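S.K.: Once you've had a glance at the structure underneath, I'll fire off some questions.
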Amino acid sequence: MAAKKPLNVVKIRKMKEQNERLTMITAYDYPSAKLAEEAGVDIILVGDSLGNVVLGYDSTIPVTLDDMVYHSRATARGAGNTFIVADMPFMTYHGSTDETLRGVRRLMQEGHAHAVKMEGGLEIAAAVKSIVQSGVPVLGHIGLTPQSVNTIGGYRVQGKDAADAKRLMDEAKALEAAGAFAVVLELVAEETAAAISRELSIPTIGIGAGRECDGQVLVFHDVVKYASPYMEKRFVKTFADVGSQIRGGIEDYVNEVKNGAFPAENHVFKADEGVSESLDSLYGGGRSEEATQQNAPSASDKEKVGTQG
Ligand code: KIV
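In this text, residue positions in the sequence shown follow the UniProt record's numbering: the first is 1, and each later residue adds one.
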């Protein structure tokens with residue numbers, strides 16, 4: 001297969017002009033990035049959703065800059081030529097410009113990201129501007145912004161009434177004016193997302209924001225049903241069920257070790273002829289009678305193994 005041509009923010013904007021839909025998926029490590037890259041996604045997002053789907057937290061708030069750098073670096077090793085955006089985690093862009101730029105520097109230099117994503121609208125426009133001016137592309141993120149879940153009153157659809165729709169439009173425009181190369185719209189009413197997508201010259205990338213966005217993003221673990229806490233959500237479509245396959249494979253492995261089917265003849269390495277006898281003559285032929293009896297499986301253990309799987 002010919003190597004994929006690297007994407008950049010100029011080409012991303014052009015895709016909107018040419019009505020070409022953008023595909024983005026999250027990835028958090030080498031294998032997820034490699035699979036996403038091989039499947040041909042346009043953009044890999046090292047999302048702070050890693051807090052939920054990889055680290056087992058119940059929100060994205062505990063995710064640190066160190067977590068993001070570590071996972072972004074692992075993702076970059078598997079991503080090939082794919083454009084990587086890394087999330088700025090909770091409270092890393094609300095202090096001084098110097099502090100914000102230090103975080104951005106780490107995600108780019110240590111995490112090997114090509115761009116950063118930030119949640120928020122008008123209140124972060126100045127920070128977006130300084131990052132863009134320093135030469136780093138910024139992806140905005142408005143609507144449901146999980147880092148602010150405690151102030152927006154839970155995971156609720158945004159932009160349903162006229163006032164809230166206008167608020168989102170103003171935020172999207174502020175991000176565009178600040179230099180963002182695209183904006184994620186999360187959990188936004190379809191009509192509002194459509195209007196924002198028509199109004200902006202930069203692409204919108206929707207998640208739970210309907211059919212009229214310029215692109216779509218989903219969380220890796222949701223797409224392939226990989227032990228994801230989000231998989232029952234209305235806006236998610238599951239395209240494969242690797243969780244069941246993995247669980248089934250591990251169950252088979254456990255059963256085969258227990259019942260002695262694995263390892264088999266073709267999985268073992270043989271010593272030279274006579275090695276076994278020479279060791280037995282030196283050490284008395286293995287375990288003592290007492291140890292052999294202690295480790296032997298009981299009749300009830302054997303029964304359990306036989307009924308599993
Ligand atoms: O962290 C993340 O995965 C995200 C996407 C849901 C857009 O922000």
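Using N, Cα and C, we set each Cβ at its ideal position, and we do this for glycine too.
Keep in mind the model is a prediction, meaning the values are calculated, not measured.
If V183 sits next to A172, beta carbons under 8 Å apart, how far is it from one beta carbon to the other, in whole angstroms?
M.R.: Between A172 and V183 the Cβ distance is about 5 Å, and since that is below 8 Å, they are a contact.
S.K.: Check the DSSP bridge columns for I84 and list the partner residues they point to.
M.R.: I84 is bridged to I44.
S.K.: Any heavy atom of the ligand KIV closer than 7 Å to the Cβ of V188?
M.R.: No, the ligand KIV has no heavy atom inside 7 Å of this Cβ.
S.K.: Helix, strand or coil: how does DSSP classify H267 here?
M.R.: The answer is helix: DSSP assigns H267 an H, G or I state.
S.K.: Can the beta-carbon of L122 be found closer than 8 Å to that of T92?
M.R.: Contact: no.
S.K.: Given this structure, state the Cα-to-Cα distance separating E273 from Y28, to the nearest angstrom.
M.R.: Distance between the alpha carbons of E273 and Y28: 49 Å.
S.K.: Given S300, which residues of its chain have a CB within under 8 Å of its CB, disregarding the five upstream and five downstream residues?
M.R.: Low per-residue confidence applies at S300: pLDDT is 48, beneath 50, and the placement is therefore not dependable enough to give any value.
S.K.: Beta carbon of L45: closer than 7 Å to some heavy atom of the ligand KIV?
M.R.: For the ligand KIV, at least one heavy atom lies less than 7 Å from the Cβ of L45.
S.K.: With contact counted as at least three CB pairs below 8 Å, one residue from each stretch, are the stretch 96 to 111 and the stretch 123 to 138 in contact?
M.R.: Segments in contact, yes.
S.K.: Quick one: is E186 buried, meaning 16 or more other Cβ sit within 10 Å of its Cβ, or exposed?
M.R.: Looking at its Cβ environment, which holds 16 or more other Cβ atoms inside 10 Å, E186 is buried.
S.K.: When you compare each of H71, L45, I43 to L55 by their alpha carbons, which one comes out closest?
M.R.: Closest by alpha carbon: H71.
S.K.: Using the Cβ count rule (16 or more neighbours within 10 Å means buried), how would you classify S49?
M.R.: By the 10 Å Cβ count, S49 comes out buried.
S.K.: So does D222 have its beta carbon nearer than 7 Å to some heavy atom of the ligand KIV?
M.R.: No, the Cβ of D222 stays beyond 7 Å of every heavy atom of the ligand KIV.
S.K.: Tell me whether I124 sits in a helix, a strand or coil according to DSSP, three-state version.
M.R.: Helix, per DSSP.
S.K.: Please classify V136: does DSSP put it in a helix, a strand, or coil?
M.R.: Residue state, collapsed to three classes: coil.
S.K.: For V183, report the span of its beta strand (DSSP E) as first-last.
M.R.: Residues 182 to 186.
S.K.: Is there at least one non-hydrogen atom of the ligand KIV closer than 7 Å to the beta-carbon of H141?
M.R.: Answer for H141: yes, Cβ within range of the ligand KIV.
S.K.: Given this structure, state the Cα-to-Cα distance separating V132 from Q158, to the nearest angstrom.
M.R.: Those two C-alpha atoms are separated by around 27 Å.
S.K.: Can you tell me whether N52 is buried or exposed? The criterion is at least 16 other CB atoms within 10 Å of its CB, across all chains shown.
M.R.: So N52 ends up on the buried side.
S.K.: Is the beta carbon of L45 less than 8 Å from the beta carbon of V217?
M.R.: Yes.
S.K.: Would you call the CB atoms of T151 and E119 closer than 8 Å?
M.R.: Contact: no.
S.K.: The beta strand (DSSP E) with E119 in it runs from where to where?
M.R.: It spans 115 to 119 - the beta strand (DSSP E) in which E119 sits, taken as one unbroken run.
S.K.: Does the beta-carbon of I124, which I'm using as the reference point, lie nearer than 7 Å to any heavy atom of the ligand KIV?
M.R.: Checking every heavy atom of the ligand KIV against the Cβ of I124, none is found closer than 7 Å.
S.K.: Beta strand (DSSP E) containing Q216: first to last residue?
M.R.: First-last of the beta strand (DSSP E) with Q216: 215 to 218.
S.K.: May I have the straight-line CA-CA distance separating K304 from N19, to the nearest angstrom?
M.R.: The predicted model places K304 with a pLDDT of 45, which falls under 50 and marks its position as unreliable; any figure quoted below should be read in that light. Going from the Cα of K304 to the Cα of N19 covers about 59 Å.
S.K.: Apart from the five residues on each side of it in sequence, which residues of its chain come closer than 6 Å, Cβ to Cβ, to F90?
M.R.: Closer than 6 Å at the Cβ level, and outside the excluded window around F90, lie I61, Q147.
S.K.: Could you pull the DSSP bridge partners for V24 from this structure?
M.R.: Checking the sequence, you will find Met at residue 24 rather than Val. Its beta-bridge partners are I43, V217.
S.K.: Do V128 and G143 have their C-beta atoms within less than 8 Å of each other?
M.R.: Not a contact, by the Cβ cut-off of 8 Å.
S.K.: Reducing DSSP to helix, strand and coil, say where G285 ends up.
M.R.: In the structure shown, G285 sits in coil (DSSP, three-state: anything other than H, G, I, E or B).
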